[in-house]
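Asker:
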Amino acid sequence: MDSSSLKSFLISFRASANSFLSQYEPLALLLAPLLAFFLARTLHSFLTLLHQRGLKATLFGFFMTLIKLVPGVKNYIDAEKQKVVDKLQSGGKSKREAWRTELPGAGLGVGVIEKMKDEKRNDVAWQGKCSGTVYIGGNESEGHFSVINEACSMFAHTNPLHLDVFQSVVRFEAEVVAMTAALLGSQEKGSGGQICGNMTSGGTESILLAVKSSRDYMKTKKGITKPEMIIPESAHSAYDKAAQYFNIKLWRVPVNKEFQADVKAIRRCINRNTILIVGSAPGFPHGIIDPIEDLGELATSFRICLHVDLCLGGFVLPFARKLGYPIPPFDFTVKGVTSISVDVHKYGLAPKGTSVVLYKNRDIRKHQFVAVTEWSGGLYVSPTIAGSRPGGLIAGAWAAMMSLGEEGYLENTKKIMEVSKRLQKGIEEIPELFIIGRPDMTIVAFGSNVVDIFEVNDSMSSKGWHLNALQRPNSIHICLTLQHVPIVEEFLRDLMESVKTVKENPGPISGGLAPVYGAAGKMPDRGMIQELLVNYMDGTC
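Each residue of the sequence shown is one higher than the one before, starting from 1061 at the first, in this note's numbering.
1. Whole angstroms is fine: what's the gap from S1079's alpha carbon to S1361's?
2. In whole angstroms, what separates the C-alpha of P1389 from that of K1395?
3. Measure the Cβ-Cβ separation of I1337 and F1319 and say whether it is below 8 Å.
4. Judging by CA-CA distance, which residue of D1138, T1102, L1244 and L1310 is the nearest neighbour of E1591?
5. Between which residues of its own chain and G1452 is the CB-CB distance below 6 Å, once the five residues before and five after are set aside?
6. Which residues bound the alpha helix (DSSP H) around W1159?
7. In the DSSP assignment, the beta strand (DSSP E) including E1202 goes from what residue to what residue?
8. For the beta strand (DSSP E) containing S1340, list its first residue and its last residue.
9. In terms of residue numbering, what span does the alpha helix (DSSP H) encompassing P1378 cover?
10. I think K1392 touches S1251, with their Cβ atoms under 8 Å apart; what is that distance to the nearest whole Å?
11. Using the C-alpha atoms, what's the distance from G1198 back to P1546?
12. Curious, which full-length beta strand (DSSP E) runs of at least 3 residues does the stretch 1171 to 1195 contain?
13. Could you compute how far the alpha carbon of Q1304 sits from the alpha carbon of R1074?
14. What did DSSP end up calling Y1419 once you bin it into helix, strand or coil?
15. With DSSP collapsed to three states, give me the class of N1528.
16. For Y1440, which residues of its own chain have a beta-carbon under 6 Å away from its beta-carbon, when the five flanking residues on both sides are left out?
17. Kindly identify the DSSP beta-bridge partner or partners of G1507.
18. Between the beta-carbon of L1244 and the beta-carbon of P1378, is there less than 8 Å?
19. What did DSSP end up calling M1588 once you bin it into helix, strand or coil?
20. Suppose only complete runs of 4+ residues qualify. What are the alpha helix (DSSP H) ranges in the stretch 1235 to 1320, listed by chain order?
21. Mapping the DSSP letters down to three states, classify C1212 as helix, strand or coil.
22. In this structure, what does DSSP give as the bridge partners for L1366?
23. What would DSSP say about E1329, mapped onto helix, strand or coil?
24. To the nearest whole angstrom, what separates the beta carbons of Y1277 and H1405, a pair I think is in contact under 8 Å?
25. Given this structure, state the Cα-to-Cα distance separating V1225 from R1231, to the nearest angstrom.
26. Is the beta carbon of I1290 closer than 8 Å to that of I1352?
27. For the stretch 1519 to 1527 against the stretch 1162 to 1182, do three or more pairs of beta-carbon atoms, one drawn from each stretch, fall closer than 8 Å, so that the two count as touching?
28. May I ask you to report which of helix, strand or coil DSSP gives Y1440?
29. Measuring CA to CA, which of R1332, V1402, V1562 and F1069 is closest to L1418?
30. Measure from the alpha carbon of F1506 to the alpha carbon of each residue in K1523, S1480 and S1522, then state which is nearest.
31. Identify the residues that DSSP records as bridge partners of V1430: which are they?
32. Should the stretch 1549 to 1567 be regarded as contacting the stretch 1511 to 1519, the criterion being three or more beta carbon pairs within less than 8 Å?
33. Using the three-state DSSP reduction, which class does H1104 fall into: helix, strand or coil?
34. Could you check what DSSP says for I1348 in three-state terms: helix, strand or coil?
35. Please list the terminal residues of the continuous beta strand (DSSP E) segment that includes I1536.
36. Rounded to whole angstroms, what is the Cα-Cα separation between G1384 and L1372?
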């Protein structure tokens, strides 16, 4: 078509269009595209919500939104929610009324130590009775406790932010990171030889930093500006926090029949905006290791990041493997793994508030740092979320690792892995219970098709045990530590008695939380559950 023919066509098209549109009011012509745009955006939002939440949850959400518009209904729902919150807090408000709200007129001086000792006597008996919580064995006034307490005290005034002043703490951090990396494959040929990292305040901060670094790294490498990440539903809630903090769309994918990350389901969710997929070794709920090698292949083929959560397993799995346990690959020797989080304050037996985040190379880690050049206070750069960091905790982590050494960790791993096998065998001998999946480490989750497992949990609580209630499926778990080595038989006896009690006398225990957990598991409106949790936290801290 030559230029004259094209011009003639356009003139004819304009005349026809004007003739057709002349029958409509100018205002209608102005509003029509705006209305069409609004309807298209609404439809797009609805379809996106439908894709994220499914048809049932989406329709139920709309129904709940509409029903709350009915006069009096919202007030009734709010009142019922408050009843649940009050039950969760279990008298906490009355205790808070006696808490100090102002400085004392005259300081207590060294007498404050006696005051603290008095307060400490009000803590519940935690020795051996808690799932996880305290990982060091023995008495808190002797042995390994004393070593890390003295180390923390010696360096309590230090801050690695001041590199030129507290050079000892700077060295401690570098060595904790290097020693941890060596456990996770940094010395192996397949790792690439560039593993690096930093210490953080805990597993959540390690995961936050890994997610933030992955987001910015993928923006640089692939130009992704609307980032998404995909995690199995067994992955830690820290990823939800990271998604909210860093404006990342989060996809939670159901686990497979073995309660592992479903690689095929994750693959189906990957798109051009995917920056990160996640695996755990092991996962917090059921203590099962995800198929890290398969996830690594997936990450490599799509050129995206793979983070492995080793917060629980980092100081157990390397030693369990040396002891001959059948541990599948999980560290930097797996192709595709770009970052790892590992808590030193769990099975590393360091003081609370110590974790490590590791990266495949420095190109990824650079995106963790924040550098400020336009501040009137001078040039500033910080490696982690915190600016100032407690040097005493870093020193305590270094002291823990150096005092135990490889032999110490091997001995501890042997003890807790044997306790885990004994516990699993004991639970299997209780006919009303079943173990969730095949635990790979020291976390054992169990449920029941015969009794209400949350009522069993309440019964155990009445005997002084502090376990974790789980959902999907309803179950409870115990994370075994050195504290449990001498009392595993006591736990099994109490568990057997609790199951028997609930079976013979079903129904909630006075003051128990079984009805709350049970209702939460069945309630389709997850938004309401979120509101309950937020209200509970708001009244607790």
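All C-beta atoms, glycine included, are put in the ideal place defined by N, C-alpha and C.
Answerer: On the basis of the coordinates in this document:
1. Straight-line Cα distance between these residues: approximately 55 Å.
2. Approximately 10 Å between the Cα atoms of the pair.
3. No.
4. The candidate whose alpha carbon is nearest that of E1591 is D1138.
5. Same-chain partners within the cutoff: C1212, F1215 and A1216.
6. Taken as a continuous stretch (DSSP letters only), W1159 belongs to no alpha helix (DSSP H), as it is neither H nor E.
7. Careful: E1202 lies outside any beta strand (DSSP E) and carries neither H nor E.
8. T1334 to S1340 is the extent of the beta strand (DSSP E) around S1340.
9. Unbroken alpha helix (DSSP H) run through P1378: L1377 to K1382.
10. Per the sequence presented here, residue 1392 reads as Phe, with Lys not at that position. Taking a contact as a CB-CB distance under 8 Å, the pair F1392 and S1251 counts as one, their CB atoms being some 4 Å apart.
11. Straight-line spacing of the CA atoms in P1546 and G1198 works out to 10 Å.
12. Under the rule that a run must span 3 or more residues, no beta strand (DSSP E) segment is found entirely inside the stretch 1171 to 1195.
13. The C-alpha of Q1304 lies about 50 Å from the C-alpha of R1074.
14. Reduced to three states, the DSSP call for Y1419 is strand.
15. Residue state, collapsed to three classes: strand.
16. Answer for Y1440: V1432, listed in chain order.
17. F1494.
18. Yes, the Cβ-Cβ distance between L1244 and P1378 is below 8 Å.
19. Helix, per DSSP.
20. Qualifying alpha helix (DSSP H) stretches, in chain order: 1263 to 1282 and 1298 to 1305.
21. C1212: helix per DSSP, three-state reduction.
22. Listed as beta-bridge partners of L1366 by DSSP are I1337.
23. The question names Glu, yet the displayed sequence has Cys at residue 1329. In this structure, C1329 counts as helix in the three-state DSSP scheme.
24. Not really, about 27 Å apart at Cβ, beyond 8 Å.
25. Approximately 12 Å, taken between the alpha carbons.
26. For I1352 and I1290, no; Cβs fall outside 8 Å.
27. No, they do not touch.
28. Reduced to three states, the DSSP call for Y1440 is strand.
29. The shortest Cα separation from L1418 among R1332, V1402, V1562 and F1069 belongs to V1402.
30. When the alpha-carbon of F1506 is set against those of K1523, S1480 and S1522, the nearest one is in S1480.
31. In DSSP, V1430 forms a bridge with S1442.
32. These segments touch.
33. H1104 falls in the helix class under three-state DSSP.
34. Of the three classes helix, strand and coil, the one that applies to I1348 here is coil, per DSSP.
35. S1535 to C1539 is the extent of the beta strand (DSSP E) around I1536.
36. Annotation: G1384 to L1372 spans about 19 Å, alpha carbon to alpha carbon.
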